[in-house]
Each structure stands twice: as structure tokens, then as C-alpha cells.
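Engineer: Dumping the structure here so I can ask a few things about it.
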Amino acid sequence: MRIPTRKSQQLRVQGDRDNVISAWKLQRLKDDLIDLEKRQRPLVVEDLADARSKGDLSENAEYQDARGKLSRMDSRIFSLKERIKNASIIEEGAGPAGQVRIGSTVVLSVDGHQRQYAIVGSQETDPSRGRISYLSPLGAALMGQHVGETVVIDTGDIKTSYGIVEVR
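Start counting at 1 in the sequence shown, then tack on 172, and there's your number in my numbering.
Structure, rendered in C-alpha cells:
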């Protein structure tokens, strides 16, 4: 049975979206999709059928709740399928001539300390783990740069200089 696509889902898919992800993240999305479709959704459908069998649907809170759960789950499945279909896989490592690109790991010198950052798509950012988006101010400034170059990030009050020590 094919589930009809709601207009809100179509609009959500059409919106501008950064589809750049690592192969590892793509595999996680696929695993999540399989889990939702093969394990979780059948349980919710079973709950819905069970609630439906309890009589009057207009005043059956259990049925309404199960319908809502199924709708949210179908929306999540749709979203995952679209993300997987439109994914653009990051090629890890330095770009030509050692320049910074999406998928590079960069070692920076900041105020006498060295910090390491992986340049990733916006769906995988986690600054506390050293994963920054190529769309972030620092990530955008680093794109295309080489070892030995310095980028300056102006945050209004403070200008911070980042020296590129290594690109891999």
C-alpha cells in the first residue's frame, strides 16, 4: 500500500537543504530507516488495529493516539528516504595540493594551543567533538586554504587568528 504524500511533506523536501554527509552518517540513516520500517512501524500498526477493535473511533483516545504515532512515524520514514536519496557523500581527506575541503581534518594553532577540527556537512556538526560545518564562519574561512596560511574570524568585538598547521 502506498502512503499518500502530504503537501507539507512535499514542501519540506523542496526546501534548501545541505545534503552533504559522510558515508558513516549515510549508513546510520539507512540503519534507522530499516529499524523504523521493519521493527517499529509494524508495532504501531498493530497498536492501531488493536485500538480500532475497541469500538467507537470518535471517542477512542487510544485510537487517536495510535493514529498520531503512525502519522509521525510515516513522516519520519519519508524524511529519511528523502535524505538518503538526495545525499551527497563526503570524500574524506585533503583536497588537491593539500587544501582544506569538506571531509578534511584540520589542525589549527589558536592562541598558542593546537585544536583539531573535521570539516563536515551541516547535518553532522558537533563542535564539542571537533566537527564543524563548512557553512560555519570558521569552516567557510578554512575552505580552500593550505598549510601555513592564517584565517581571521571577526566576531564583532574579537578577532581570532587561526594558523593552519596540518590538513589531512
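Just so it is clear, CB atoms sit at the ideal spot from N, CA and C, and this is done for glycine as well.
Output the boundary residues of the beta strand (DSSP E) element that contains D326.
Structural biologist: Its beta strand (DSSP E) spans residues T322 to D326.
Engineer: By alpha-carbon positions, which one of D329, Y334 and L310 ends up nearest to V282?
Structural biologist: Looking at the Cα atoms, Y334 is the closest of the given residues.
Engineer: Which of the three DSSP states, helix, strand or coil, is assigned to V272?
Structural biologist: V272: coil per DSSP, three-state reduction.
Engineer: Ordered along the chain, which non-local residues of its own chain (more than five positions away) have a Cβ less than 6 Å from that of A259?
Structural biologist: N191, I193 and L198, listed in sequence order.
Engineer: By DSSP, does A290 sit in helix, in strand, or in coil?
Structural biologist: Of the three classes helix, strand and coil, the one that applies to A290 here is strand, per DSSP.
Engineer: Which residue's Cα is closest to the Cα of R284: R224, I336 and K202?
Structural biologist: According to the sequence shown, residue 284 is Gly rather than Arg. With distances taken between Cα atoms, G284 lies closest to I336.
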